[in-house]
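Notes follow the structure.
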Amino acid sequence: MSEQARPNRLGSYLKDRRSKLDPAAFGFASARRRTPGLRREEVAQRAHISTAWYTWLEQGRGGAPSAEVLERIAEALMLTQPEREHIFMLGLGRPPEVRYEQRDAITPRLQRVLDRLNPSPALIRTATWDVVAWNKAATAMLVDYASLAPENRNVLKHIFLDPRIRAAQYDWESVARYVVGAFRADVVRAGAASAVGELVDELCRRSEDFARMWRDTHVHAHHERIKHINHPVFGPFAFEHSTFAVDGRPDLTMVVHNPVSDADLDKIVKAIGAG
22 MSEQARPNRL GSYLKDRRSK LDPAAFGFAS ARRRTPGLRR EEVAQRAHIS TAWYTWLEQG
82 RGGAPSAEVL ERIAEALMLT QPEREHIFML GLGRPPEVRY EQRDAITPRL QRVLDRLNPS
142 PALIRTATWD VVAWNKAATA MLVDYASLAP ENRNVLKHIF LDPRIRAAQY DWESVARYVV
202 GAFRADVVRA GAASAVGELV DELCRRSEDF ARMWRDTHVH AHHERIKHIN HPVFGPFAFE
262 HSTFAVDGRP DLTMVVHNPV SDADLDKIVK AIGAG
């Protein structure tokens, strides 16, 4: 999109959103209005900018707005997260900076997705790597999350503080380094750096290995890989490890462990049945 066309499309979108708002819901009188929705001066008042500047934006004049102005307008118009991102793309050609929100609850729809993935172990974790949902296969093959207090359902705590999880890894050092690097990247991407300070401090106190790896400042991108584990009851397994974004929830990631062989698949089915 050209720099010249961008403000015009932004202005049209702002005008459309403004026209769909109920003035009474914002404390403005709704009588004697020639057109529906909020007036330009009312949006400007709510956004703490001048009426002239807001008018220029809708008319495609005055150049590109600042990120701060777009944030104010998004709040003034009570835009949803997708709508907020849309006006940033129209106005600046880039998405807004991530604003991390801790919301642990998931919808029944997401839980049904996990359940349909059985017998592939699958879970949903937050940007701070707290596990908030899982399926029966994950319970049988990975961790019995339901038996843990919510504050202990954290992937890093399992890797660094649970000797059973450590023993199940064929190359624990490599796995742990990957986990720390991917975790660091996820936290920054989600804008959650301030939300993990307590967790990082706790892990540094309780695990010399974590403290050592955290000081290394390595960052790893997520990629599809083969994950090998040695289950204490059912023996060795190989999984295709994949991560997926959850639509509408930038704070969540779905992690799926797909068994590589039919033999592994059969053993998981038996494990689920035994549970």
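If you count by the working numbering, then the sequence shown holds residues 22 to 296, one letter each, in order. Each residue gets a CB set at the ideal place from its N, CA and C atoms; glycine is no exception. Here the structure is a predicted model, which is why all the values come from computation and not from measurement.
Neighbourhood of residue i by C-beta distance below 8 Å, restricted to the same chain and skipping five residues each side
{"i": "V153", "result": "D125, A126, I127, I145, R146, T147, R174, L273"}
{"i": "E2", "result": "Residue 2 is absent from the structure shown; the chain starts at 22 and stops at 296."}
{"i": "S23", "result": "Per-residue confidence for S23 stands at a pLDDT of 48, beneath the threshold of 50, marking its modelled position as unreliable; the derived number appears in the next sentence. Cβ within range, chain order: n/a, list empty."}
{"i": "E63", "result": "P44, F47, F49"}
{"i": "A297", "result": "No answer is possible for residue 297: the residues shown for the chain start at 22 and end at 296."}
Residue i classed as buried or exposed, judged by whether at least 16 other C-beta atoms fall within 10 angstroms
{"i": "A159", "result": "buried"}
{"i": "S168", "result": "exposed"}
{"i": "A73", "result": "exposed"}
{"i": "L59", "result": "buried"}
{"i": "M99", "result": "exposed"}
{"i": "I247", "result": "exposed"}
{"i": "D222", "result": "exposed"}
{"i": "G112", "result": "buried"}
{"i": "K178", "result": "buried"}
{"i": "R227", "result": "exposed"}
{"i": "P184", "result": "exposed"}
{"i": "A161", "result": "buried"}
{"i": "A170", "result": "exposed"}
{"i": "A211", "result": "buried"}
{"i": "P129", "result": "exposed"}
{"i": "A13", "result": "This structure leaves residue 13 out entirely; the chain is present only between 22 and 296."}
Residues bridged to residue i (per DSSP)
{"i": "A259", "result": "H249"}
{"i": "F265", "result": "M275"}
{"i": "L144", "result": "W155, V276"}
{"i": "Q190", "result": "I250"}
{"i": "N175", "result": "D151"}
{"i": "R185", "result": "In the DSSP output, where bridge partners are listed per residue, R185 has none listed."}
{"i": "A270", "result": "In the sequence as displayed, the identity of residue 270 is Arg instead of Ala. Partner(s): V267."}
Spatial neighbours of residue i in its chain, beta-carbon cut-off 6 Å, leaving aside the 5 residues before and after
{"i": "P257", "result": "N251"}
{"i": "H83", "result": "Contrary to the premise, residue 83 reads as Gly rather than His in this sequence. Contacts found: W77."}
{"i": "F265", "result": "M275"}
{"i": "A214", "result": "V208"}
{"i": "R38", "result": "L98"}
Other residues of its chain near residue i: CB distance less than 7 Å, five sequence neighbours each side excluded
{"i": "S141", "result": "A158, V277, H278, N279, P280"}
{"i": "G32", "result": "L78, E79, Q80, G81"}
{"i": "M234", "result": "A197, R198, V201"}
{"i": "D230", "result": "F181, A197"}
{"i": "V240", "result": "G202, R205, A206"}
{"i": "K41", "result": "G58"}
{"i": "V290", "result": "P140"}
Within 9 Å, strictly: CB atoms of residue i and residue j
{"i": "W150", "j": "L163", "result": "no"}
{"i": "R93", "j": "A68", "result": "yes"}
{"i": "A255", "j": "A284", "result": "Reading the sequence as shown, one finds Phe at residue 255 and not Ala. No; because the gap between Cβ atoms is not below 9 Å, this pair is not in contact."}
{"i": "Q102", "j": "P271", "result": "yes"}
{"i": "A232", "j": "C225", "result": "yes"}
{"i": "L220", "j": "I108", "result": "no"}
{"i": "A138", "j": "V267", "result": "Residue identity differs from the one stated: residue 138 is Leu in this sequence, not Ala. The answer is no: Cβ separation not under 9 Å."}
{"i": "Y75", "j": "R61", "result": "yes"}
Next on the checklist: Taking 8 Å as the cut-off, does the region 181 to 197 touch the region 248 to 255 (at least 3 CB pairs, one atom from each stretch)?
Outcome noted: With three or more CB-CB distances shorter than 8 Å, the region 248 to 255 counts as touching the region 181 to 197.
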